[in-house]
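These protein sequence lines are chains P and X, in that order.
Be aware that the first sequence starts at 1, since it is given in the UniProt record's numbering, and climbs by one per residue.
Be aware that the second sequence starts at 1, since it is given in the UniProt record's numbering, and climbs by one per residue.
C-beta atoms are modelled at their ideal positions from N, C-alpha and C, and glycine is treated no differently.
2 protein chains.
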Amino acid sequence: MAFSSVLTGTALGRAAVVLRESHCEQQSRRRRQAHICCSSVATAEQVRTGLKRNENIGKLQAGYLFPEIARRRRAHQDKHPDAKVISLGIGDTTEPIPKLIADAMQKAAAGLGTLAGYSGYGAEQGRGELREGICNAFYSSCGRKPHEIFVSDGSKCDIGRLQMMFGCEQRVAVQDPSYPVYVDSSVIMGMTGNYNASTTSFDNIEYMVCQPDNDFFPDLSKVAPTDLIFFCSPNNPTGAAATRQQLTELVAFAKKNGSIIVYDAAYALYISDDNCPKSIFEIPGAEECAIETCSFSKYAGFTGVRLGWTVVPEQLRYADGSPVIADFNRIMTTVFNGASIVAQAGGLACVQPEGLAEMQQLVHFYKENADILRQTFLDMGFKVYGGKNAPYVWVGFPGKPSWDVFADILEKCNIVTTPGSGFGPAGEGFVRASAFGHRKDILEAVERFKKAYGKQR
Amino acid sequence: MAFSSVLTGTALGRAAVVLRESHCEQQSRRRRQAHICCSSVATAEQVRTGLKRNENIGKLQAGYLFPEIARRRRAHQDKHPDAKVISLGIGDTTEPIPKLIADAMQKAAAGLGTLAGYSGYGAEQGRGELREGICNAFYSSCGRKPHEIFVSDGSKCDIGRLQMMFGCEQRVAVQDPSYPVYVDSSVIMGMTGNYNASTTSFDNIEYMVCQPDNDFFPDLSKVAPTDLIFFCSPNNPTGAAATRQQLTELVAFAKKNGSIIVYDAAYALYISDDNCPKSIFEIPGAEECAIETCSFSKYAGFTGVRLGWTVVPEQLRYADGSPVIADFNRIMTTVFNGASIVAQAGGLACVQPEGLAEMQQLVHFYKENADILRQTFLDMGFKVYGGKNAPYVWVGFPGKPSWDVFADILEKCNIVTTPGSGFGPAGEGFVRASAFGHRKDILEAVERFKKAYGKQR
């Protein structure tokens, strides 16, 4: 029996029509003959479908930033097997989940093994008491309501679902530098042009430069109007927290242009400065032009547990007057099935008074780390930003390519950082150090930094 | 300070420009004045953004099927507060998770509260040992490899991510009837035309009719070629499991047309018939034209825990020769952040020999339920399908609208079923009864059915 292959592509010339017998041994032989790895290009016996590849995915450059850093870390470790590498890279939490919260998850998991404690599908939008708890804990002073809170498996995933909801016809603005997912998901959805190697940016995205000379807040008089504005405060990677005045300007700018702000507040609890709002909804009128996404990841160490939420105010409307919340609800019920109930049990403990206190304590610990890092770089004479209202310290290496700095720090200190250029063109010349780490590792990292770079200044 | 609103829409006429003071009290007053519910249409003081609504979402009809059923159930319960309603509706698992598996999750959750047991971000694609475990447990005989297995928070979510990967330019075929997510996600991505009220179907989707007269397998000689073919076996809702011969035909059909089959195997463990493959990859050549998605939901009672997987063979290629697995990996790393590590700990227990045995036992229990339901309807003289290799029994009510039958059963028996037409036009005249339930509820349901419908035949 012969299946003809479909040969409509042109990129690879030597694809061949394959005659095939009817059982598994044949398959095995072929696999042995043409061992095709995920990232390699096959040339022998390649059979293709007729599907046109989504060309938007083809526009993406290399891999997502953090897998690339992980790859370089592995290569370094292979080269130096005895090196004790410290990661100040991806920003992954290291401290145990507060006992009260872990206990709640343990209890929920145990309950699932009993008739009384078992439950199946929950509401796709999350448990009612959790939506209410999040609303009370974080939005009581700014008038949001429980039904506007959609519980999820995290902000990164919600950004993907928001983009699916908005569709391909929107134009996007991002802070430059910014968390790569805003740009990458916009590219995937077809909202952008091609990657422009000369500017190291994508065409048809509005990059809002955030650098020391503008206090890391964009000069909005120079920003072209767009449909969507992704804005993260406290910012990943720069660590800058926007002030009330700045966010009031941003909301006015969005309203003037009819834009929707997608506000990423994942680090809001790290804010100490009373002049910096913890939610965009503290700004009057934001409920008519903003969506906020947030997460327990960096508050309760839930990076692996996966629990976040997105707030879509009922007042937020498309140009045709239809409510955005109704469409987001449709997306959440169609391509999502609720966050894990074990994670939700943990979330419910997080938003109780004791849980909130435990989270504050954990946040405080990482903020102390940030302070140690920040002070170290300052003492060595570097230009240092962030680290006060955020778990990230943003260190300037003017005139030096960030991947070179990344490589130099890895080589000299066995420390993984994140190159600023990975967050956008305006991140070039900076490196991000994450404050997520055991205290002993942070202190050890500080010693290594001093030894390698202390004398240069 | 005044913000001007953006009034570009025309659907609602009375939107007003709102002058606003600068603090929260004002917001509260406005909310009280114009209490806008998520699904209602606001007319007073409505401020709109300039964003064009994604018109594809507007094409969707009403809500997703199961929330609509839940709404009707609530209305019934409100009308009859004392009625003890039994649900044979959404297909939600009811029995506790096998102890061995719940214990593994409990242990993982407790561990998160300790330094030794804590872990943060895992690989977006899932833990290596779980990918290997799934591969060994379910795909050892058909040559799949661990790196082709992407662990996720469930098949429903993976279907959304697959659609995002494929993009808007693909044309889709679905079984009719079928799980609503295939159609709805295709509509959202813009792969379809408008809803056609006269045919109760969407334009530009190829509906492959599956009814008793074709043994619930489409007549492929009448099916137009498409880019994607969604195929579910054992089928939800009809309960039909495709035979080896039928799947061989399907693979040949896909290869002839250059299509990719998205094969939903969520109920594969329910298959008793040796002549029905448990994976599409048992069919030679499927690795060049198929993706398979599966889940622990209906095997281990994980509907609330959230854990599934999708298999993308490295041999699967787009027309340009590029590997589909690389693009799916990019999607998973960009808009997903891994399944909950607690759920993954449970999954790891599932794929151990003892866990597999526990799952088989649980599946056997629900299959007994299916048999009880099936036999009951047969005894009453109904035309009954499915229920042998699937947890769903598909009951024919020729000539009667399924929503009417649904309403009649709810009214007479206080039993929730699922109307066949909710799964597509060819589901009209059928009702699906789910076998997920406590045994006592299934037996009670059977008595009620006999009382209400037994004498009619």
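Chain-ordered chain X contacts of residue 46/P [CB-CB under 7 Å]: 317, 321
9 Å Cβ cut-off: residues of chain X touching residue 52/P: 167, 169, 170, 227, 318, 319, 320
Residue 196/P - partner residues in DSSP beta bridges: 201/P
Residue 327/X in three-state terms, based on DSSP: helix
Within-9 Å CB hit, residue 218/X to chain P: no
Residues in the segment 85 to 104 of chain P having any Cβ partner in chain X nearer than 8 Å: 90, 92, 93, 94, 95, 96, 97, 98, 99, 101, 102, 103
Beta carbon of residue 291/P nearer than 9 Å to that of residue 324/P: yes
Any C-beta of chain P under 9 Å from that of residue 126/X: no
For residue 412/P: DSSP bridge partner residues: Per DSSP, none; premise fails for residue 412/P.
Cross-chain neighbours of residue 336/X in chain P, by beta carbon under 9 Å: 153, 154, 156, 157, 160
Cβ shell of residue 377/P (< 6 Å), same chain only, five flanking positions each side left out: 384, 395
Strand pairing of residue 459/X, partner residues [DSSP]: Past the edges of chain X, shown from 1 to 457, lies residue 459/X, and the structure says nothing about it.
Selection of the segment 255 to 272 of chain X by Cβ proximity to chain P, strictly under 9 Å: 255, 256, 257, 258, 259, 260
Exposure of residue 197/P, with buried meaning 16 or more beta-carbon neighbours within 10 Å: exposed
Three CB pairs or more closer than 8 Å across the segment 102 to 109 of chain P and the segment 230 to 244 of chain P: no
Separation of residue 312/X from residue 249/X, as counted between CA atoms: 21 Å
Neighbouring residues, chain X, relative to residue 60/P (Cβ below 7 Å): 330
Rounded distance between the beta-carbons of residue 335/P and residue 59/X, thought under 8 Å: About 16 Å; that fails the 8 Å criterion.
Boundaries of the beta strand (DSSP E) in which residue 292/P is found, first to last residue: 290 to 295
Neighbour flag for residue 249/X against chain P, beta carbons, 9 Å: no
Member of 243/P, 88/P, 387/P whose CA lies at the smallest distance from the CA of residue 515/P: Within the shown structure, residues of chain P are numbered from 1 to 457, placing residue 515/P beyond reach of any answer.
Residue from 61/P, 259/P, 256/P, 342/P whose Cα sits closest to the Cα of residue 330/X: 61/P
Chain-ordered residues of the segment 286 to 298 of chain X with a beta carbon less than 8 Å from chain P: 287, 288, 289
Where the beta strand (DSSP E) containing residue 175/X begins and where it ends: 172 to 176
Inter-residue Cα distance where the pair is residue 450/X and residue 124/P: 35 Å
Selection from 392/P, 171/P, 144/P, 199/P that minimises the alpha carbon distance to residue 280/P: 144/P
Beta-carbon proximity of residue 471/X to residue 161/X, cut-off 9 Å: In the structure displayed, chain X extends from 1 to 457; residue 471/X sits before or after that span and is not available.
Run of the beta strand (DSSP E) containing residue 373/X, from where it starts to where it stops: Where residue 373/X is concerned, there is no enclosing beta strand (DSSP E), although the alpha helix (DSSP H) it sits in stretches over 353 to 379.
Whether residue 436/P touches residue 88/P by CB criterion (9 Å): yes
Straight-line gap, residue 255/X to residue 227/X (C-alpha atoms, nearest Å): 11 Å
Interface flag, residue 417/P vs chain X, CB-CB below 9 Å: no
Rounded distance between the beta-carbons of residue 112/P and residue 121/P, thought under 8 Å: The pair is not a contact, with the Cβ atoms about 13 Å apart (cut-off 8 Å).
Selection of the segment 110 to 121 of chain X by Cβ proximity to chain P, strictly under 7 Å: 110, 112, 113, 114, 115, 118, 119, 120, 121
Residue 332/P in three-state terms, based on DSSP: helix
Residues sharing a beta bridge with residue 390/P, DSSP: Paired residues: none, contrary to the question.
Among 443/P, 149/P, 386/P, 54/P, nearest to residue 326/P - alpha-carbon criterion: 149/P
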